[in-house]
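Visitor:
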Amino acid sequence: MESDLRRTWANIDLDALGFNYDKLRERVGNAKFLGVVKADAYGHGSVQVARLLQDKGADYLAVSSADEAVELRLNGIKMPILILGHTPREQVKTLIDYDITQGVTCRAKAVEYSEEAMRAGGILKIHIKVDTGMSRLGYLCDGEMFETGVEGICEACNLPGLESEGIFTHFALSDEEGDEAEAYTRHQFELFTRVCKACEERLGRPFALKHCANTGAVAKYPETWLDMVRPGLLLYGYGEYAKKLGLKPVMSLKTTVSTIKTYPEGTAISYGGIYKTAKRTRVGVVPIGYADGLFRALSNKCCFATADGPAPQIGKICMDMCMVDLTDKKNVDVGSEIEIFGPTNPIETMADIAGTIPYELTCAVSKRVPRFYIKDNKVVERELLLRG
Ligand SMILES: *Cc1c(COP(=O)(O)O)cnc(C)c1O
1164 MESDLRRTWA NIDLDALGFN YDKLRERVGN AKFLGVVKAD AYGHGSVQVA RLLQDKGADY
1224 LAVSSADEAV ELRLNGIKMP ILILGHTPRE QVKTLIDYDI TQGVTCRAKA VEYSEEAMRA
1284 GGILKIHIKV DTGMSRLGYL CDGEMFETGV EGICEACNLP GLESEGIFTH FALSDEEGDE
1344 AEAYTRHQFE LFTRVCKACE ERLGRPFALK HCANTGAVAK YPETWLDMVR PGLLLYGYGE
1404 YAKKLGLKPV MSLKTTVSTI KTYPEGTAIS YGGIYKTAKR TRVGVVPIGY ADGLFRALSN
1464 KCCFATADGP APQIGKICMD MCMVDLTDKK NVDVGSEIEI FGPTNPIETM ADIAGTIPYE
1524 LTCAVSKRVP RFYIKDNKVV ERELLLRG
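Take 1164 as the starting number for the sequence shown in the working numbering and just add one per residue.
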């Protein structure tokens, strides 16, 4: 569905995305590039992001589920796609039909995938996931589990119907600062390389793609880049590492002023009356609320960017709208554009105030917020994710 409505919308700057990709590509040299586009590309639109990465010659994409992968295939994405999460056995045939690669995380799933691939009469491409310290998915290989882990991985690689193209692990602390985080990450990496070596020796062949570098590792641990890097957040240009590397934020969340009223001193604003005007106050209503992805936890704590500088958001954020203090904002009127976050009002500040990370804020931008895709300062596509 297309939308021309300029109520509340998210600009997705495809030039910034392309710029970030080029910068990262240059940074990682010969390593291949996997772009993480799970969760609708962190809210940016996985089809549009994947299209750009495909045009730019990226090597791989990653998503979290079969449904996300199929969505890309149905929209003309031909490049290799890796599923990081589990796929139910009923969908294995779909993976083979659409040539989608599956991450294999444990013996039970390996056996299931193998059985289903055999039943479908096809070959399922897999990447083995090693748990080196994230304690989430993957074959446990640390300490006394090393032998069992390596054995399990080799068993999976030798199962009929499976083609083991790659092996990967995920860092838990690569984006944390300090000696402890660094030691933890180095241990994870050292273990991963040891597991890869043992498996390759036992199998008598190398994995074509060994990969582990997420955003933190792309920024800070060049030795972990191996055959392929696997960043998400950096690509979208958020966080301190993006800033250090000179990357640009891709999404700006915008709204417009619906109405403005001036209230006398002592007026309670919004639910619960947590905010009372301290003087005569010119208050704007903006049509963005927690149903659009503006967290209620930000109520009365954040600022939005206006043509006349930052304007404090006041009172509780409602489901569909919230209020903003426009008292000294002479150039801001009904219809004026407001930036919730973006190049002027950094998402990192918003995330800090909400006690979270930028990932959660872009993922939260809901489906009723149309995405406007911008190239060369022109809107090249508008997409509203509501049922058409
Ligand atoms: C989400 C994810 C990534 C990307 O993480 P960023 O911090 O956004 O770079 C990489 N690998 C795996 C397994 C993931 O789940």
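For each residue, glycine too, the CB sits at the ideal point set by N, CA and C.
None of the values given here were measured: they were computed from a predicted structure.
#1: When you compare each of T1507, E1189 and Y1223 to G1472 by their alpha carbons, which one comes out closest?
#2: Helix, strand or coil for C1465, going by three-state DSSP, please let me know.
#3: Which of the three DSSP states, helix, strand or coil, is assigned to Y1261?
#4: L1287: which of Y1261, T1311, E1318 and A1271 sits nearest, CA to CA?
#5: Can you tell me whether Y1401 is buried or exposed? The criterion is at least 16 other CB atoms within 10 Å of its CB, across all chains shown.
#6: So, are the CB atoms of T1418 and R1170 less than 9 Å apart?
#7: Could you check if D1338 belongs to the surroundings of ligand 1, using beta carbon to heavy atom distance under 8 Å?
#8: Can you give me the C-alpha to C-alpha distance between Y1399 and P1427, rounded to a whole angstrom?
#9: Residue range of the alpha helix (DSSP H) that G1284 falls in?
#10: Going residue by residue through the stretch 1209–1273, where are the continuous beta strand (DSSP E) segments of at least 3 residues, counting only ones entirely within it?
#11: Under the rule that 16 or more other beta-carbon atoms within 10 Å means buried, what is K1272, buried or exposed?
#12: Assuming G1447 and M1414 are in contact, meaning their beta carbons sit under 8 Å apart, how far apart are those beta carbons, in whole angstroms?
#13: Between which residues of its own chain and G1285 is the CB-CB distance below 7 Å, once the five residues before and five after are set aside?
#14: Identify every residue that forms a DSSP beta bridge with A1380.
#15: Over the uninterrupted alpha helix (DSSP H) stretch that includes G1447, give me the two end residues.
#16: Using DSSP with H/G/I as helix, E/B as strand and the rest coil, what is S1415?
#17: Regarding P1394 and ligand 1, is the C-beta to nearest heavy atom distance less than 8 Å?
#18: Say the cut is 8 Å; is the CB of A1225 nearer than that to a heavy atom of ligand 1?
#19: Taking 8 Å as the line, does the beta carbon of G1296 fall inside it for any heavy atom of ligand 1?
Guide: Taking the coordinates as given:
#1: Taking the first residue of the sequence shown as 1, we reach residue 1472 at position 309. Cα-wise, what sits closest to G1472 is T1507.
#2: On the sequence shown, position 302 is the one that residue 1465 refers to. In this structure, C1465 counts as coil in the three-state DSSP scheme.
#3: Start at 1 with the first residue of the sequence shown, and residue 1261 comes out as number 98. Of the three classes helix, strand and coil, the one that applies to Y1261 here is coil, per DSSP.
#4: Locating residue 1287 in the sequence shown gives position 124, counting from the first residue. Comparing Cα-Cα distances from L1287 to each of Y1261, T1311, E1318 and A1271, the minimum goes to Y1261.
#5: The count along the sequence shown starts at 1 and reaches residue 1401 at position 238. Burial call: buried.
#6: If you number the sequence shown from 1, residue 1418 lands on position 255. If you number the sequence shown from 1, residue 1170 lands on position 7. One thing to note: T1418 has its Cβ within 9 Å of the Cβ of R1170.
#7: By 1-based counting over the sequence shown, the position of residue 1338 is 175. In this structure, D1338 has its beta carbon less than 8 Å from a heavy atom of ligand 1.
#8: Here residue 1399 refers to the residue found at position 236 of the sequence shown. Here residue 1427 refers to the residue found at position 264 of the sequence shown. Their backbone Cα atoms lie some 43 Å apart in a straight line.
#9: The residue given as residue 1284 occupies position 121 in the sequence shown. For G1284, there is no enclosing alpha helix (DSSP H), as DSSP gives it neither H nor E.
#10: Taking only runs of at least 3 residues, the beta strand (DSSP E) segments lying wholly in the stretch 1209–1273 are 1223–1226, 1244–1246 and 1264–1267.
#11: Taking the sequence shown and counting its residues from 1, the one referred to as residue 1272 is at position 109. With 16 or more other Cβ atoms within 10 Å, it is buried.
#12: Your numbering for residue 1447 matches position 284 in the sequence shown. Your numbering for residue 1414 matches position 251 in the sequence shown. Contact between G1447 and M1414 does not hold, since their C-beta atoms are separated by about 23 Å, which reaches or exceeds 8 Å.
#13: Taking the first residue of the sequence shown as position 1, residue 1285 is located at position 122. Taking C-beta separations shorter than 7 Å and ignoring five residues to either side along the sequence, the partners of G1285 in its chain run I1259, following chain order.
#14: Translated into positions along the sequence shown, residue 1380 becomes position 217. Its beta-bridge partners do not exist; DSSP assigns none.
#15: As a working mapping, residue 1447 is identified with position 284 in the sequence shown. Going by DSSP, G1447 is part of no alpha helix (DSSP H) but of the beta strand (DSSP E) stretching over T1444 to V1449.
#16: On the sequence shown, residue 1415 is found 252 positions in, with the first residue counted as 1. Here S1415 sits in strand by DSSP.
#17: Walking along the sequence shown from the start, residue 1394 turns up at place 231. At least one heavy atom of ligand 1 is nearer than 8 Å to the Cβ of P1394, so yes.
#18: Numbered from its first residue, the sequence shown carries residue 1225 at position 62. Yes, Cβ of A1225 sits closer than 8 Å to a heavy atom of ligand 1.
#19: Along the sequence shown, read from residue 1 onward, the residue named residue 1296 stands at position 133. It does not: the Cβ of G1296 is nowhere closer than 8 Å to a heavy atom of ligand 1.
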